[in-house]
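J.: My numbering puts the last residue of the sequence shown at 574; the count rises by one with no breaks.
Would you mind keeping the following structure in view while I ask a few things?
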Amino acid sequence: MAENKRVGDFSLLDQAGYFHHMAWYDNHKAIAFLVHGVDEPDTQAALNSYSEMKAAYEDQGILFMMINPLGEDRDAVASDVASLGIDMPVLIDDVQVVSEDMGVEHFGEAVIYDPEAFTVLYRGDAADGLASALEAVANDTEVQQPLVATQGAAVTYTQRPNSNLSYENDVAPIIAENCASCHREGGIAPFALDSHAMVQGWSPMIREVLMTKRMPPGQIDPHVGDFDNSYVVPFEDQRKVLDWIAAGSQKDGSTDPLAMLEWPETDWAFGEPDYIIDIPEQEVPATGVLDYRYAMIPINLPEGEDRYVRASQYLPGDRTVLHHTLNALFRPGERPNGNGFVTPPDPNLAHITPYIPGAAPAVEKPNTGGLLEHGSTLAIQLHYTTTGRETTDNSQIGLWFYPEDEVPMERRTGECACIFTPGWTNIPPYDPNFEQQTSILIPDDAYLESFLPHMHFRGKYMRFEAHLPDGTVEPLINIANYNYNWQMEYRLEDPIMVPGGTRIVVTAAFDNSEQNKANPDPSRSVPWGDQSWDEMFFGQVYYKFVDQSRYHAEAESSDVEANLVSSNQ
6 MAENKRVGDF SLLDQAGYFH HMAWYDNHKA IAFLVHGVDE PDTQAALNSY SEMKAAYEDQ
66 GILFMMINPL GEDRDAVASD VASLGIDMPV LIDDVQVVSE DMGVEHFGEA VIYDPEAFTV
126 LYRGDAADGL ASALEAVAND TEVQQPLVAT QGAAVTYTQR PNSNLSYEND VAPIIAENCA
186 SCHREGGIAP FALDSHAMVQ GWSPMIREVL MTKRMPPGQI DPHVGDFDNS YVVPFEDQRK
246 VLDWIAAGSQ KDGSTDPLAM LEWPETDWAF GEPDYIIDIP EQEVPATGVL DYRYAMIPIN
306 LPEGEDRYVR ASQYLPGDRT VLHHTLNALF RPGERPNGNG FVTPPDPNLA HITPYIPGAA
366 PAVEKPNTGG LLEHGSTLAI QLHYTTTGRE TTDNSQIGLW FYPEDEVPME RRTGECACIF
426 TPGWTNIPPY DPNFEQQTSI LIPDDAYLES FLPHMHFRGK YMRFEAHLPD GTVEPLINIA
486 NYNYNWQMEY RLEDPIMVPG GTRIVVTAAF DNSEQNKANP DPSRSVPWGD QSWDEMFFGQ
546 VYYKFVDQSR YHAEAESSDV EANLVSSNQ
């Protein structure tokens, strides 16, 4: 290993699923790692001296952690650490690239990493060599012996054909599957990955965003739940891309699969919509703080016929200024009561998707959907932010209907585990991890289908758990690195059945520290508020009751009332 070997910035999750980004720790002089292996004697043998170093140097600007280089099972790692009585995070290297780049070779060895320069300052034994290196770092002097031999058991990484990776057969398909739909001409990303030349040119950034888990967007903890839109690149595919980049990002073969990709000419996900809702044109000034805007949009369906909605898509006119929307659908003759955007929607009515950064079009499960009645009103709330230039937003919502002779028999409902004023507790100044918690009760047997988190600039993570009536606690989703720019509805691949009486507990943390580069003002005591420099706590849960007869009865009752009104006119 070369002295001061540059590894680069990286992020890893620990044994409890908490996110650790090395650049966030740049207020420390260094991070010390002990190489961990489940049931590895060499790790256990090094613990006493490593713990002594931690006690001696953690108040001198050194952060102490452990790292598991082989991405071993999280539960096994947690159990092993607990049995050893260790109270420190173990970063689990699922992709096996960070540890290899740091030069890790043996269990029980120690590594000192500079989180500002992203370099390795020391690698070697966890005793005398580590003590000398830590003393030098603490005193801001050069480490004299950056590499010290260790005798621990060898770390054997997953074998992979680094030199035989093919752009044509290995890498291009991964880019096409995970990146190209946004990174294309006319896509929402700032540049296109539509050829080998573009991928090669952007390969340093591709490496950086994979290593720090900054892209693909909205990544969640891959060890909790199975989602059809997790946005997590499989570990093996990450290794292939990173190894290919490390080998020089070379092209092979006679074709360029990315250059051959074809995209629909329209931005509508499912072709031309059956019905388009035009949002009233909105003029957005160059500067200033904008209050939320509201519009009431009448729904006038073709031929005046009610229809069941199977999909919807919000097409922003100018996504640089449109931050998000909320909406509520009201039956003919009904109007909002002032709280219509936060009360649970009527499951018998159609779901019309709001705009959320990065969200995909909303598609109902088979045989599921609500009714859109002719003469209804869509009440919409629009949140705009200024960008330094005047612009006009002309947004549309596209709707796709079920065939006229097809009536979906199941309904999805939802409820928000939210904290509003006066229940809100202000986030203390400079607090790096302020937690709040709330819950909702699922009254009857139900299938959980999806989750949607919403916080502002200080949002750090959000966790959803099912507390079952028998006392069992089941993790549902862990948004380990919440990002205000990407607020997705995460859809379970297979709905999870929970019995009536289950409580969904949602825990969210806020980072009000100076280390949060998006923080508008860490010195504030942060209240709840609509604007982005204040905060919110929304943990939306969507589910479907097992017994759907309640909706059939309500629908039949509504039909009877409508017939009575009609006959009395």
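Glycine residues also receive a C-beta, built at the ideal position from the N, C-alpha and C atoms.
1. F439 and T543 - do their beta-carbons sit closer together than 7 Å?
2. Kindly provide the ranges of any beta strand (DSSP E) runs that are 3 or more residues long and lie completely inside the stretch 500-536, ordered along the chain.
3. Roughly how far, in whole angstroms, is the beta-carbon of M203 from the beta-carbon of A197, given that I think they are within contact range, below 8 Å?
4. If you measure from the beta carbon of A177 to each beta carbon in chain C, is any gap under 7 Å?
5. Between I179 and the rest of its own chain, which residues show a CB-CB distance below 8 Å, the 5 nearest in sequence each way excluded?
6. With a 10 Å radius around its C-beta and 16 neighbouring C-beta atoms as the bar for buried, classify H557 as buried or exposed.
7. Could you have a look at H201 and say whether DSSP puts it in helix, strand or coil?
8. Could you give the distance in angstroms between the alpha-carbon of N399 and the alpha-carbon of I284?
9. I'd like to know whether the C-beta atoms of V412 and A355 end up nearer to each other than 7 Å.
10. When the Cα of R555 is compared with those of W538, A185, D351, G134, which residue comes out closest?
11. Using three-state DSSP, classify I117 as helix, strand or coil.
12. What are the start and end residues of the alpha helix (DSSP H) that includes S52?
13. Using the DSSP secondary-structure output, state which residues sit across from R298 in a beta bridge.
14. On the three-pair Cβ rule with 8 Å, is the stretch 138-150 touching the stretch 201-215?
15. Alpha carbon to alpha carbon, how far is D296 from S537? Give it in angstroms, no decimals.
16. Hey, out of V551, I117, G258, whose CA is closest to L152's CA?
17. Just how far apart, CA to CA, sit E395 and D436?
18. Decide if the stretch 124-135 is in contact with the stretch 101-112; the criterion is three or more beta carbon pairs, one per stretch, under 8 Å apart.
19. Give the secondary structure of G375 by DSSP, where H, G and I count as helix, E and B as strand, and everything else as coil.
20. Would you say V95 and V82 are within 7 Å of each other, going by their C-beta atoms?
21. Per DSSP, which residues does I484 bridge with? Please list them.
22. Contact check, L139 vs M58 under 8 Å by CB: the rounded distance?
23. Does DSSP put F15 in a helix, in a strand, or in coil?
24. Please confirm whether any heavy atom of the ligand GDP lies closer than 6 Å to the CB of D242.
25. Judging by CA-CA distance, which residue of V160, T430, F15 is the nearest neighbour of M220?
26. Near V510, which residues of its chain fall below 6 Å by C-beta distance, leaving aside the five closest residues on each side in sequence?
27. From Y548 to G293, what distance separates their C-alpha atoms?
28. Using the Cβ count rule (16 or more neighbours within 10 Å means buried), how would you classify R468?
29. Do I432 and N517 have their C-beta atoms closer together than 7 Å?
30. On a CA-only basis, which of V531, Y389, A136, P303 is nearest S381? Give me that one, please.
31. Mark I281 as exposed unless 16 or more other C-beta atoms lie within 10 angstroms of its C-beta, in which case mark it buried.
32. Whole angstroms is fine: what's the gap from E494's alpha carbon to D257's?
33. Near T426, what residues of its chain come up, given a Cβ to Cβ distance below 8 Å and the 5 sequence neighbours on each side ignored?
34. Measure from the alpha carbon of Y389 to the alpha carbon of each residue in A158, V289, D499, R416, then state which is nearest.
35. Per DSSP, A287 is paired with what?
36. Write down the C-beta distance between G223 and N483 rounded to the nearest angstrom, noting that I regard them as a contact closer than 8 Å.
T.: From the atom records:
1. At residue 543 the sequence reads Phe, which differs from the Thr that was named. Contact: no.
2. For the stretch 500-536, whole beta strand (DSSP E) runs of length 3 or above, ordered along the chain, are 507-515.
3. Their Cβ separation, rounded to whole angstroms, is 6 Å, which keeps M203 and A197 in contact under 8 Å.
4. Chain labels in this structure do not include chain C; a single protein chain is all it has.
5. Contacts found: V238, D242, K245, V246.
6. Note on H557: under 16 other CB atoms within 10 angstroms of its CB, so exposed under the neighbour-count rule.
7. Three-state DSSP puts H201 in a helix.
8. Inter-residue distance for N399 and I284 is about 7 Å (C-alpha atoms, whole angstroms).
9. Annotated as distal: V412 and A355, with beta-carbon spacing of 7 Å or more.
10. When only C-alpha atoms are compared, the closest one is D351.
11. In the three-state reduction of the DSSP assignment, I117 falls in the strand class, which pools E and B.
12. Per the sequence presented here, residue 52 reads as Leu, with Ser not at that position. According to the DSSP assignment, L52 belongs to the alpha helix (DSSP H) that extends over 46-62.
13. The bridge partners DSSP lists for R298 are L387.
14. The stretch 138-150, when compared against the stretch 201-215, does not touch it at the 8 Å Cβ threshold.
15. For S537 and D296, the gap between their C-alpha atoms comes out near 11 Å.
16. For L152, the nearest C-alpha among the options comes from I117.
17. Their Cα atoms are separated by approximately 36 Å.
18. Taking 8 Å as the limit for Cβ pairs, the verdict is that the stretch 101-112 does touch the stretch 124-135.
19. Collapsing the DSSP output to three states places G375 in coil.
20. Yes, the pair counts as a contact, with Cβ atoms nearer than the cut-off.
21. Among the bridge pairs identified by DSSP, I484 is matched with M467.
22. Sure, about 6 Å apart at Cβ, within 8 Å.
23. The answer is coil: DSSP assigns F15 none of H, G, I, E or B.
24. In the structure on display, the ligand GDP does not appear, and there are no ligands present to speak of.
25. When each option's Cα is compared against that of M220, the closest is F15.
26. Taken in chain order, the residues that qualify are S444, E470, H472.
27. Y548 and G293 have their C-alpha atoms some 39 Å from each other.
28. Looking at its Cβ environment, which holds 16 or more other Cβ atoms inside 10 Å, R468 is buried.
29. Annotated as proximal: I432 and N517, with beta-carbon spacing under 7 Å.
30. Minimum Cα distance to S381 is reached at P303.
31. Its Cβ having fewer than 16 others within 10 Å, I281 is exposed.
32. Computed Cα separation, rounded: 38 Å.
33. P532, W533.
34. The residue with the shortest Cα to Cα distance from Y389 is V289.
35. Position check: residue 287 holds Gln in this sequence, whereas Ala was assumed. In DSSP, Q287 forms a bridge with D398.
36. The distance from the Cβ of G223 to that of N483 is about 13 Å, inconsistent with a contact at the 8 Å cut-off.
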